[in-house]
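Notes follow the structure.
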Amino acid sequence: MKQLLLSIFFFFVGHFSFGQNDGPKEITPQILQQLKSKIEKQIPVFKETLTKQDLTTDQMEFSLDTLRIERLVSERMNIDYSTIGMNITVQEMATSYDKLMNKYYNKLLKHLKSEDQKELINAQRAWLTYRDAEAKLINTMTKEEYSGGGTIQSNIAVGSYADLVVKRAIEIFNYYNDIIKDE
427 MKQLLLSIFF
437 FFVGHFSFGQ
447 NDGPKEITPQ
457 ILQQLKSKIE
467 KQIPVFKETL
477 TKQDLTTDQM
487 EFSLDTLRIE
497 RLVSERMNID
507 YSTIGMNITV
517 QEMATSYDKL
527 MNKYYNKLLK
537 HLKSEDQKEL
547 INAQRAWLTY
557 RDAEAKLINT
567 MTKEEYSGGG
577 TIQSNIAVGS
587 YADLVVKRAI
597 EIFNYYNDII
607 KDE
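Here the working numbering = 1-based position in the sequence shown + 426.
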């Protein structure tokens, strides 16, 4: 994953540093709203594509939710590709996936028997403990004394944390999806 983040970083740096442009621009609330509106205009086309597939309502909803998140990340990175801009964008992506994870966690919880709910609750608590401990380790390992330093270390740390959250959101959705697709 570290190599993927480095590749993405160097793509953006190379793409925008050597091209003729005015440099990264801060994402203002107005720009963010414009980006979200632009993405929402793209949703009907994607939804039409999904409709042609044999998907449940929840699968379509999850696909649309993740599309919104991923497209917003891409659009934001095109505008503010500064180190801090990328960090903010990836952190907000992690927050969005965390909300998505909670949405499907609650849906999954409602579909389980009470004795099985305890297993999910215990597993999620353990995952949260793991996530927090891993975040501390990531921050430790990206210190200059261990990593060699550089501003990219903050991108690596934020990206590694986001990877944890995205992966768990997809896992929770898949658990939920496995239950409801047979209903």
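Heads up, the beta-carbon is just placed ideally off N, CA and C, and yes, glycines get one too.
Cβ pair residue 568, residue 509 closer than 9 Å:
As a first step, residue 568 is located in the sequence shown; it is residue number 142 there, counting from the start. As a first step, residue 509 is located in the sequence shown; it is residue number 83 there, counting from the start. No, the Cβ-Cβ distance between residue 568 and residue 509 is not below 9 Å.
Cβ shell of residue 588 (< 6 Å), same chain only, five flanking positions each side left out
In the sequence shown, residue 588 corresponds to position 162, counting from 1. The answer, listed in chain order, is 516, 519, 520.
Terminal residues of the continuous alpha helix (DSSP H) containing residue 456?
Locating residue 456 in the sequence shown gives position 30, counting from the first residue. First-last of the alpha helix (DSSP H) with residue 456: 455 to 477.
Can you tell me whether residue 551 is buried or exposed, with buried defined as 16 or more other CB within 10 angstroms of its CB?
Indexing the sequence shown from 1 puts residue 551 at position 125. Flag for residue 551 reads exposed.
Closest by C-alpha distance to residue 565, when choosing among 481, 585, 504
Your numbering for residue 565 matches position 139 in the sequence shown. Of the candidates 481, 585, 504, the one whose C-alpha sits nearest the C-alpha of residue 565 is 585.
Does the region 520 to 536 come close enough to the region 492 to 500 to have 3 or more Cβ pairs within less than 8 Å?
yes
Distance, residue 605 Cα to residue 533 Cα
Here the question's residue 533 lines up with position 107 in the sequence shown. Here the question's residue 605 lines up with position 179 in the sequence shown. Rounded to the nearest angstrom, the two C-alpha atoms are 11 Å apart.
Does residue 549 pass the burial test, meaning 16 or more other C-beta atoms within 10 Å, or should it be called exposed?
For this step, residue 549 is matched to residue 123 along the sequence shown. By the neighbour-count rule (16 or more Cβ atoms within 10 Å), residue 549 is not buried but exposed.
Which residue's Cα is closest to the Cα of residue 610: 455, 489, 460?
Outside the shown range of the chain (427 to 609) lies residue 610, about which nothing can therefore be said.
In three-state DSSP terms, what is residue 574?
Against the sequence shown, residue 574 aligns to sequence position 148. Three-state DSSP puts residue 574 in coil, outside helix and strand.
Go through its chain and collect everything with a Cβ distance to residue 591's Cβ below 6 Å, but skip five positions before and after it.
Start at 1 with the first residue of the sequence shown, and residue 591 comes out as number 165. Counting only Cβ-Cβ distances below 6 Å, and skipping sequence neighbours, we find 520, 523, 524.
Taking 8 Å as the limit between beta carbons, can you name the residues of its chain near residue 450, skipping five residues before and five after?
Numbered from its first residue, the sequence shown carries residue 450 at position 24. Hits under 8 Å: 442, 505, 506, 507, 508, 511.
Smallest Cα separation from residue 558: which of 575, 583, 530, 538?
On the sequence shown, residue 558 is found 132 positions in, with the first residue counted as 1. Checked all of 575, 583, 530, 538; the closest Cα to residue 558 is 583.
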